[in-house]
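Following this note's numbering, the numbering of the sequence shown begins with 27 at its first residue and continues without gaps.
Built from N, CA and C at the ideal position, the CB exists for glycine as well.
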Amino acid sequence: MTSRARIALLVVAVVVAVASVAYLTNPAVVPGSTDDYERTTLTVVDDETGETLATVDARVADTRAKRFTGLSDTESLAENEGMWFVHDSSGTYAYVMRDMDFPLDIVFVAENGTITRIHHAELDPEGTSESDLTRYRGTGKYVLELPYGYTNETGIDAGDRVEAE
Numbered sequence: 027m028t029s030r031a032r033i034a035l036l037v038v039a040v041v042v043a044v045a046s047v048a049y050l051t052n053p054a055v056v057p058g059s060t061d062d063y064e065r066t067t068l069t070v071v072d073d074e075t076g077e078t079l080a081t082v083d084a085r086v087a088d089t090r091a092k093r094f095t096g097l098s099d100t101e102s103l104a105e106n107e108g109m110w111f112v113h114d115s116s117g118t119y120a121y122v123m124r125d126m127d128f129p130l131d132i133v134f135v136a137e138n139g140t141i142t143r144i145h146h147a148e149l150d151p152e153g154t155s156e157s158d159l160t161r162y163r164g165t166g167k168y169v170l171e172l173p174y175g176y177t178n179e180t181g182i183d184a185g186d187r188v189e190a191e
């Protein structure tokens, strides 16, 4: 094999290796459907009375790729349906309405289950760039996304608790 052929083969191998690493580490290109997510039942309890405010059937987004995609591939949510985002640790996180077809309530939840913040997230105008998307920030280990207005309809407020099965 000539030197030129070896160099060409090496270049091809490097390009394939770099492309493979980029594909595997970029959640935006990892295939999958929200139908493939595990599900859990969440109960939201009034902190003062202990009354059950809502029971939610939630898809679980517990990997980086699933958290990135979120509900972007979903056309709508039923009334008692949502998505439960599980982070590796508690922290301050920002959520965006990337590629969404419908608005949401975004509920930040501490590691102990206490709701720390609720946002009523509208859709950004079509064509909004990634850097210009509205960022909904909050603190917690978990985030629960629900149909828009659901927290108002059920009386869910900051301070209430989310219990997972």
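Legend entry - Host beta strand (DSSP E) of Glu189 (start-end): Arg187 to Ala190
Inset, instruction - Could you tell me which residues DSSP puts in a beta bridge with Ile132? - result: His145 and Glu171
Legend entry - Nearest to Leu103 (by Cα), restricted to the options Asp72, Tyr176 and Asp183: Tyr176
Inset, instruction - Rank Thr78, Asp72, Thr67 and Glu171 by C-alpha distance to the C-alpha of Ile132 and give the top, closest one. - result: Glu171
Legend entry - Classification of Met109 by the beta-carbon crowding that lies within 10 angstroms, buried from 16 upward: buried
Inset, instruction - Give me whichever residues DSSP pairs with Thr69 in a beta bridge. - result: Thr81 and Glu189
Legend entry - 8 Å Cβ cutoff, Thr165 in contact with chain C: Annotation note: the requested chain C is absent from the structure, which comprises a single protein chain.
Legend entry - Cβ-based burial, Phe111 [other Cβ within 10 Å; buried from 16]: buried
Legend entry - Neighbourhood of His113 by C-beta distance below 6 Å, restricted to the same chain and skipping five residues each side: Lys167
Legend entry - Burial state of Gly76, where buried means 16 or more other Cβ atoms lie within 10 Å: exposed
Legend entry - Beta-carbon proximity of Thr67 to Thr81, cut-off 8 Å: yes
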